[in-house]
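Asker: Can you read through this structure? Questions will come right after.
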Amino acid sequence: MPEGPSIVILKDAVQQFRKKKIIEVSGNSKLDIQRLKGKTITDFKSWGKHFLICFKDFAVRIHFMLFGSYRINERKETSSRLTLVFNNGELNFYTCSVQFIEVNPDNIYDWSADVMSTEWNPANAKKKLKANPAMIVCDALLDQNIFSGVGNIIKNEVLFRIYVHPASKVGELPSSKLKALIDEARNYSFDFLEWKKQFVLKKHWLIHTKKTCPRCNIPVVKKYMGKTNRRTFFCENCQVLYE
Ligand SMILES: [Zn+2]
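Residues in the sequence shown are numbered from 47 upward in steps of one, following the numbering used here.
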């Protein structure tokens, strides 16, 4: 599943279609996608894992879910969910969720919750965390209302980076660790972005999918944890459990 930084990469890659008119539409989406024909894209936006194609008075929301993908100026063999053709190229989306948003995205999205956004607000994140003291940190990081854009890889790497055990309770974290959690959720996301652009992301994983802790040289624990039961990798020796 693409995490926030991957959506930022997509947003950069499609800038050639900004202010361009859609001349042809196809795809197996059940929505009335033909309404997009003849429309001009005003902007592309992202909110965490949501990719938004904006028009004058509505927007298309793409969510890649688990298996979604896209191609720019090329096609996959499988049929697309949504294809937009312009006079300078085309944009194809596969196995993703497509929805129309009939209002201005500014009215429904809290940009300050997006860890990649220039409007990211760490004080807001802190307030939301303080309101959920019993929540465990591996759930907190995946909560899109607090850390929009953070996915499972970022979760595992951030907790390893700050030496915090994934089952720690938010309310039990010392204030320095709470601050580190908030700061590194954003910092790691930007590292992820750079590494992903250079095709070296996996090489930089320290704990995610690893068998041995690089700090302690002992086996890494792999457990399905939290409300969403996601794969969690951690070291029981150097990641402290606060409970
Ligand atoms: Zn360790």
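Positions of the beta carbon are idealized from the N, C-alpha and C atoms, including for glycine.
1. Residues in the same chain with beta-carbon distance under 8 Å from Q61, minus the five sequence neighbours each way, listed in chain order, please.
2. Based on Cα-Cα distance, which residue from D189, V216, L227 and S222 lies nearest to K273?
3. Is N202 near ligand 1, judged by its Cβ being under 7 Å from some heavy atom?
4. Pop quiz: R127 and T141 are said to be a contact at Cβ under 8 Å. What is the actual Cβ separation, rounded to whole angstroms?
5. Mapping DSSP to helix, strand and coil, what is G94?
6. So, does the segment 258–273 touch the segment 174–185, judging by three or more C-beta pairs under 8 Å?
7. Can you list, in chain order, the residues of its chain whose CB lies under 6 Å from that of K85, leaving out five sequence neighbours each side?
8. Beta carbon of R207: closer than 7 Å to some heavy atom of ligand 1?
9. Between R261 and ligand 1, is there a pair consisting of the residue's CB and a ligand heavy atom that are separated by less than 7 Å?
10. Compute the minimum distance between the beta carbon of N153 and the heavy atoms of ligand 1, and state whether it is under 7 Å.
11. Which same chain residues, not among the five before or five after H96, have their C-beta less than 7 Å away from its C-beta?
12. May I ask you to list the residues that DSSP assigns as paired with L247?
13. Taking 7 Å as the cut-off, does the CB of C284 come closer than this to any heavy atom belonging to ligand 1?
14. In this structure, what does DSSP give as the bridge partners for I68?
15. Quick check: the Cα distance between F139 and S92, rounded to an integer number of angstroms?
16. Does the distance from the C-beta atom of L287 to that of S221 stay below 8 Å?
17. Nearest by alpha-carbon distance to L247: which of S235, A231 and N153 is it?
18. Assuming V71 and L130 make a contact with CB atoms under 8 Å, what is their CB distance in whole Å?
19. Secondary structure at R207, three-state DSSP: helix, strand or coil?
20. May I ask you to check if the CB of C100 is nearer than 7 Å to at least one heavy atom of ligand 1?
Answerer: Result, derived from the coordinates:
1. F90
2. D189
3. no
4. 7 Å
5. coil
6. yes
7. I68 and F101
8. no
9. yes
10. no
11. R107 and H109
12. Its beta-bridge partners do not exist; DSSP assigns none.
13. yes
14. BP columns for I68 are empty, so no partner.
15. 15 Å
16. no
17. S235
18. 6 Å
19. helix
20. no
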